[in-house]
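Report on the structure given below.
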Amino acid sequence: KLTVEDLELKGKKVLMRVDFNVPLKEENGEVIVSNDNRIVAALPTIKYVLEKGGRAILFSHLARIKSEDDKKGLSMKPVAQKLADLLGQPVVFVPATEGPELEEAINNLEDGHVLVFENTRFEDVVDGVEVKRESKNDPELGKYWASLGDVFVNDAFGTAHRAHASNAGIAANIAQTAAGFLMEKEIKFLGGAVEAPERPFVAIIGGAKVSDKITIIQNLLQKADKVIVGGGMAYTFDVANGKSIGNSLFEEDKVELAKQLIAEAGDKLVLPVDAIAADAFNNDADTYVAGDEGIKDGYMGLDIGPKSVELFKSVLADAKTVVWNGPMGVFEMPNFANGTLAIGEELVKVTEENGATTIVGGGDSTAAVQQLGVADKLTHISTGGGASLEYLEGKTLPGIAAISEK
Ligand code: 3PG
């Protein structure tokens, strides 16, 4: 498999798929990027291509486009502006995904210069009809985009679980494809943790629903030394263990599966032993710490309790590799953020004191570590939401397969 360093870039039209699917907000009547993490994460590859004298042609999808109306607020223009600010050099923005204006701008692009073209998912709606040319990987579209450049660099790990025209389609139609530095880094950390972790390897899985994470838990139970399960999904396991959970969230149709996992995993699976129970889904709710006896009627668990925090810390204490996905409680509410915060702090500690490799994947967990201000102190924060989850499930990601198959 090639990386961007294997390519001859000088004077080349370098097609670069990035994941600039970033949140936007309106400020003083102007649409701006509200979180630039994904753009910052792609800078090393972009800068490398520019330094080597390549002509960088960047493109990404932005949100999902189902109608002409959706296109109005979802142009890549503010993203191109943000990129120009971060790069400290002008960025040519072309408000088209095909046609003479785009082709001419690409032909006029000079070595070391950068161009961003319009949201690739604008191709999903043509003349008001939802045709999904991008999202269904229309072979003509991949072929056309491939014809615009000399080589293809895929740095969009966040989109690697999609087989769309702008990643898989181009890769199939161009002579040379390579992974960018971000793609490589994501594969190194997420793939490395799951395939060849330094042990003990501890996985922490949280979040609201068992159904979203069941395949990850199953896969990680095969690979990790311990799998800690916290967050809302733990109450389904509590029901499986015969514990009362009051009004807590749980999935009745997953109780049998939870029972089976508990039986198969033995002490590899670590569950919370207490909870912060609240009488409403509200930061100011009345709360108490519910222990072994379970949660009483009228209350719901919204965070792990202090004994669970100590238990989880003890499991993490000698870890050499940790993968974390999903919060331990409703961390957006300060009174239920403690469990998630404690895990974040413990991860910083094992990173600094044990030299452990600590990896965070998934949208919620990434938001949590950023809110907690610990993102810089952990080894790797994945830019993938769905992509990192599917990677941890052990699935082959088409965006990666399309590069390695070359
Ligand atoms: C993401 O944010 O997870 C990726 O950019 C993929 O977006 P999608 O789920 O709309 O395909």
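Counting from 333, one number per residue, gives the positions in the sequence shown under this note's numbering.
Even for Gly, the Cβ is constructed at its ideal location relative to N, Cα and C.
None of these values were measured; they are calculated from a predicted model.
Q) Would a C-beta distance cut-off of 8 Å place Ala388 and Val424 closer than the cut-off? A) Here residue 388 refers to the residue found at position 56 when the sequence shown is read from its first residue. Here residue 424 refers to the residue found at position 92 when the sequence shown is read from its first residue. No, the Cβ-Cβ distance between Ala388 and Val424 is not below 8 Å.
Q. Is the closest heavy atom of the ligand SAM to the C-beta of Arg465 under 7 Å?
A. This structure does not include the ligand SAM; its bound ligands are the ligand 3PG.
Q) In whole angstroms, what separates the C-alpha of Ala478 from that of Ile364? A) Working through the sequence shown from its first residue, we reach residue 478 at position 146. Working through the sequence shown from its first residue, we reach residue 364 at position 32. The straight-line gap from Cα to Cα measures roughly 30 Å.
(Q) For a test of the three-state rule: what should DSSP assign to Ala610, helix, strand or coil? (A) If you number the sequence shown from 1, residue 610 lands on position 278. Ala610 falls in the strand class under three-state DSSP.
Q: Verify the contact flag: Thr452, CB atom, against every heavy atom of the ligand 3PG, threshold strictly below 7 Å.
A: Numbered from 1 along the sequence shown, position 120 holds the residue referred to as residue 452. Checking the Cβ of Thr452 against the ligand 3PG gives no.
Q | Of the residues Ala699, Pro604, Val448 and Arg531, the one placed nearest Ser392, counting alpha carbons only | A | Residue mapping note: residue 392 aligns to position 60 of the sequence shown, counting from 1. Of Ala699, Pro604, Val448 and Arg531, the residue nearest in Cα terms is Val448.
Q. Taking DSSP as the reference, what is the three-state secondary structure of Asp624?
A. For the purposes of this step, residue 624 is identified with residue 292 of the sequence shown, where counting begins at 1. Coil.
Q. Three or more C-beta pairs closer than 8 Å, one from the segment 415-430 and one from the segment 543-562: is that the case here?
A. no
(Q) Quick check on Asp351: buried or exposed, where buried means 16 or more other Cβ atoms within 10 Å of its Cβ? (A) Mapped onto the sequence shown, residue 351 falls at position 19. So Asp351 ends up on the buried side.
**Q.** Distance CB(Leu480)-CB(Lys345) smaller than 8 Å
**A.** As a working note, residue 480 is residue 148 in the sequence shown. As a working note, residue 345 is residue 13 in the sequence shown. Yes, they are a contact pair.
Q | Reference Ala488; option with closest CA among Glu358, Gly633 and Pro376 | A | Your numbering for residue 488 matches position 156 in the sequence shown. Among Glu358, Gly633 and Pro376, the Cα nearest to that of Ala488 belongs to Pro376.
Q.
Could you tell me the alpha carbon to alpha carbon distance between His493 and Ser580, rounded to whole angstroms?
A. The residue given as residue 493 occupies position 161 in the sequence shown. The residue given as residue 580 occupies position 248 in the sequence shown. Those two C-alpha atoms are separated by around 32 Å.
Q. By Cβ distance, which residues of its chain are closer than 8 Å to Gly623, with the 5 residues on each side in sequence left out?
A. Reading the sequence shown from its first residue, position 291 is the one you call residue 623. Contacts found: Val605, Asp606, Gly637 and Lys639.
Q: Please check the pair Ala497 and Asp470, which I expect to be a contact at CB under 8 Å, by giving their CB distance rounded to whole angstroms.
A: Residue 497 sits at position 165 when you count from the first residue of the sequence shown. Residue 470 sits at position 138 when you count from the first residue of the sequence shown. That belief holds up - the Cβ atoms of Ala497 and Asp470 are roughly 6 Å apart, short of 8 Å.
(Q) Please tell me whether Ala740 and Thr653 are closer than 8 Å, where the distance is taken between their beta carbons. (A) Residue 740 cannot be examined here, being either before or after the span of the chain that is shown, 333 to 738.
(Q) Check whether the segment 670-679 and the segment 704-712 touch, using three or more Cβ-Cβ pairs below 8 Å as the test. (A) yes
Q.
Is any non-hydrogen atom of the ligand 3PG found closer than 7 Å to the C-beta of Arg494, if you look at the structure I gave you?
A. Along the sequence shown, one-based indexing puts residue 494 at 162. Indeed, a heavy atom of the ligand 3PG lies less than 7 Å from the Cβ.
Q. In chain order, which beta strand (DSSP E) runs of at least 3 residues are fully inside the segment 459-498?
A. 483-486
Q: Tell me, please, which residues DSSP counts as bridged to Asn657.
A: In the sequence shown, counting from the first residue as 1, residue 657 sits at position 325. For Asn657, which the question treats as bridged, DSSP gives the partners Ile537.
Q: Quickly, what does DSSP pair Val559 with across the bridge? List them, please.
A: Position 227 of the sequence shown, counting from 1, holds the residue named residue 559. The partner list for Val559 (beta bridge, DSSP) reads Ala535 and Leu601.
Q: Name the one or two DSSP bridge partners that Ile364 has.
A: The count along the sequence shown starts at 1 and reaches residue 364 at position 32. According to DSSP, Ile364 bridges with Lys357.
Q. What's the C-alpha gap between Val641 and Gly671?
A. Taking the first residue of the sequence shown as position 1, residue 641 is located at position 309. Taking the first residue of the sequence shown as position 1, residue 671 is located at position 339. Answer to the nearest angstrom: the Cα atoms are 6 Å apart.
Q. Straight-line CA distance for Ser736 to Ala566?
A. Here residue 736 is taken as the residue at index 404 of the sequence shown, counted from 1. Here residue 566 is taken as the residue at index 234 of the sequence shown, counted from 1. Going from the Cα of Ser736 to the Cα of Ala566 covers about 38 Å.
Q | 6 Å CB neighbourhood of Val655 in its chain, flanking five on each side removed | A | For this step, residue 655 is matched to residue 323 along the sequence shown. Cβ within range, chain order: Ala525, Ala535 and Ile691.
(Q) Using C-beta distances below 6 Å, list every residue in its chain close to Asn657, excluding the 5 sequence neighbours before and after it, in chain order. (A) As a position in the sequence shown, residue 657 is number 325, starting the count at 1. So the qualifying residues of the chain are Ile537, Gly693, Gly694 and Ser697.
Q. Hey, would you say Thr505 sits closer than 8 Å to Lys475, going by beta carbons?
A. Counting from 1 along the sequence shown, the entry for residue 505 is found at position 173. Counting from 1 along the sequence shown, the entry for residue 475 is found at position 143. According to the sequence provided, residue 505 is Asn. The question's Thr does not apply to it. Yes, Cβ-Cβ distance for Asn505 and Lys475 is below 8 Å.
Q | Gly564 versus Asp635: straight-line alpha-carbon distance, rounded | A | Residue numbering aside, residue 564 sits at position 232 when the sequence shown is read from its first letter. Residue numbering aside, residue 635 sits at position 303 when the sequence shown is read from its first letter. Going from the Cα of Gly564 to the Cα of Asp635 covers about 8 Å.
(Q) With the cut-off set at 8 Å, would you say Trp453 and Glu466 are in Cβ contact? (A) Taking the first residue of the sequence shown as 1, we reach residue 453 at position 121. Taking the first residue of the sequence shown as 1, we reach residue 466 at position 134. First, the residue type needs correcting, since residue 453 is Arg and not Trp in the sequence shown. Their beta carbons are under 8 Å apart, which means Arg453 touches Glu466 by this criterion.
Q.
Could you compute how far the alpha carbon of Arg531 sits from the alpha carbon of Gly726?
A. Indexing the sequence shown from 1 puts residue 531 at position 199. Indexing the sequence shown from 1 puts residue 726 at position 394. Approximately 19 Å, taken between the alpha carbons.
Q. Across which residues does DSSP place Lys345 in a beta bridge pair?
A. Against the sequence shown, residue 345 aligns to sequence position 13. Note: Lys345 sits in a beta bridge opposite Arg387.
Q | Residues near Phe338 in its chain [Cβ-Cβ closer than 7 Å; skip 5 each side] | A | Position 6 of the sequence shown, counted from the first residue, corresponds to residue 338. The sequence shown places Asp at residue 338, rather than the Phe named in the question. Excluding positions up to five away in sequence, the list reads Ala510.
**Q.** Beta-carbon proximity list for Glu685, same chain, < 7 Å, skipping 5 on both sides
**A.** Within the sequence shown, numbered from 1, the residue matching residue 685 stands at position 353. Counting only Cβ-Cβ distances below 7 Å, and skipping sequence neighbours, we find nothing.
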